[in-house]
Amino acid sequence: MPVQIPSVVLNNGVEMPILGFGVFQVSADETERVVTDALAAGYRHLDTAAAYGNEEAVGRAIRSSGIARDELFVTTKLWIHDGGEEGTKRAFDTSLELLGLDRLDLYLIHQPLGDYYSSWRAMQELYRQGAVRAIGVSNFYPDRLVDLVEHNEITPAVNQIETHPFFQRVDDQALLTERGVQIESWGPLAEGKNNIFSDPVLTAVGAAHGKSVAQVTLRWLIQRSVVAIPKSTRPERMAENLDIFDFVLSDDEMARIATLDTGTSVAFDHHDPAMVSHLNATSTR
Ligand code: NDP
Numbered sequence: 069m070p071v072q073i074p075s076v077v078l079n080n081g082v083e084m085p086i087l088g089f090g091v092f093q094v095s096a097d098e099t100e101r102v103v104t105d106a107l108a109a110g111y112r113h114l115d116t117a118a119a120y121g122n123e124e125a126v127g128r129a130i131r132s133s134g135i136a137r138d139e140l141f142v143t144t145k146l147w148i149h150d151g152g153e154e155g156t157k158r159a160f161d162t163s164l165e166l167l168g169l170d171r172l173d174l175y176l177i178h179q180p181l182g183d184y185y186s187s188w189r190a191m192q193e194l195y196r197q198g199a200v201r202a203i204g205v206s207n208f209y210p211d212r213l214v215d216l217v218e219h220n221e222i223t224p225a226v227n228q229i230e231t232h233p234f235f236q237r238v239d240d241q242a243l244l245t246e247r248g249v250q251i252e253s254w255g256p257l258a259e260g261k262n263n264i265f266s267d268p269v270l271t272a273v274g275a276a277h278g279k280s281v282a283q284v285t286l287r288w289l290i291q292r293s294v295v296a297i298p299k300s301t302r303p304e305r306m307a308e309n310l311d312i313f314d315f316v317l318s319d320d321e322m323a324r325i326a327t328l329d330t331g332t333s334v335a336f337d338h339h340d341p342a343m344v345s346h347l348n349a350t351s352t353r
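In the numbering used here, the protein residues as written are 69 to 353.
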């Protein structure tokens, strides 16, 4: 029996599976095998980006899976230098071609950097033309998100931001919810940092349910209605990360996990000028 993955409903009515599969830092050589395994495990929601350099391999795995297009939810992202009105349309066409798709499910502005207001205008057009089912953003802190919303016609459907037990984004989620924007977690397993897989609280909560730290963490995210896209190159972990729909964390367990929040990133500080320059200097394709 394929795993039944619940969906969230985005602000335009489109349904998005609450659990998906990410391919950041999966090499182009390995991606076709990894995505083939993920689809075989039961994932139907895939998250890639132009900047990951593996869209073409994701597309090959989709085609060879034989899975009907309307059973899949595919996200890719626009990189900084590809932005602007014309640049965005070109980048979108390139991504679709590499993925071998004629329509995308979700297109995200990858970073709140560069000329992203022009990019958003182009994305609104792509959405109105029906080339993409939903448009959104990533790595937008609340100030940038609110400003984008208040100067444009279409509110992003999603904001994909770093969210995990050490950076829980509770206030940010409340703001997003108030504005009708779905929160999506990147780095749901904290990219393995802060010794997450041996964390005493997560380990103890897992032991009470016969579940691993990864499973408890992903369950905690989806119980908060946060979309999560864990990455693994290993089939046994892909299956483990999907096996989170047969248990429920109690209010007390959710409260214990809430104590792990440090309020800071384990990966990027988007307010650090050196990080902004680093991202701006990163090119794609
Ligand atoms: P994750 O938090 O998903 O962690 C991935 C790491 O955890 C890998 O080292 C993986 O190792 C390991 N892992 C996975 N499952 C298990 C398990 N069950 N037990 C033990 N270890 C496990 O990090 P990501 O950065 O990959 O985030 C997920 C996705 O989010 C990305 O792939 C990408 O799609 C997206 N993303 C978006 C960003 C953005 O700026 N918008 C930034 C970063 C990520 P192994 O592969 O060896 O199993």
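For every residue, glycine included, the Cβ atom is placed at its ideal position computed from N, Cα and C.
Same chain, Cβ closer than 6 Å to residue i, five either side skipped, listed in chain order
i    : result
G90  : D115, I297 and K299
L244 : N227 and I251
D337 : M343
S186 : G152 and E153
Among the options, nearest to residue i - alpha-carbon criterion
i    : options                   : result
R292 : H277, P303, A326 and A117 : A326
T332 : F235, R287, E321 and A272 : F235
S253 : R131, S206 and Q179       : S206
G81  : K157, K261, L317 and L174 : L174
V200 : V217, D161 and A335       : D161
N262 : A335, F208, R237 and G248 : A335
Close beta carbons around residue i, own chain, < 8 Å, minus the five adjacent residues each side
i    : result
R189 : E153 and N220
D170 : L164
R370 : Past the edges of the chain, shown from 69 to 353, lies residue 370, and the structure says nothing about it.
G364 : Given a span of 69 to 353 for the chain in the structure shown, any question on residue 364 remains unanswerable.
N79  : T223, A225, G248, V249 and Q250
Own chain, CB closer than 7 Å to residue i, minus 5 neighbours either side, in chain order
i    : result
D183 : G151 and G152
P23  : A question about residue 23 goes unanswered here, because the residues of the chain that appear run from 69 up to 353.
Cβ distance (whole Å) where residue i is taken to contact residue j below 8 Å
i    : j    : result
V295 : I86  : 5 Å
T301 : E123 : No, T301 and E123 are not in contact; Cβ-Cβ is about 17 Å, not under 8 Å.
A225 : G204 : 5 Å
T144 : A118 : 7 Å
L146 : N348 : With a Cβ gap of about 14 Å, L146 and N348 do not count as contacting.
S280 : G274 : 6 Å
L328 : V269 : 6 Å
M306 : D105 : 6 Å
I148 : Q179 : 5 Å
Min CB distance residue i to chain C below 8 Å
i    : result
W254 : The chain inventory of the structure shown lacks chain C, comprising one protein chain alone.
Worksheet item: Where in the stretch 214-263 do unbroken runs of the alpha helix (DSSP H), each at least 4 residues long, occur, reported from the N-terminal end onward?
Response: 238-246
Practice prompt. At 4 residues or longer, and completely inside the stretch 293-346: list those alpha helix (DSSP H) runs for me, N to C.
Written response: 303-310 and 319-326
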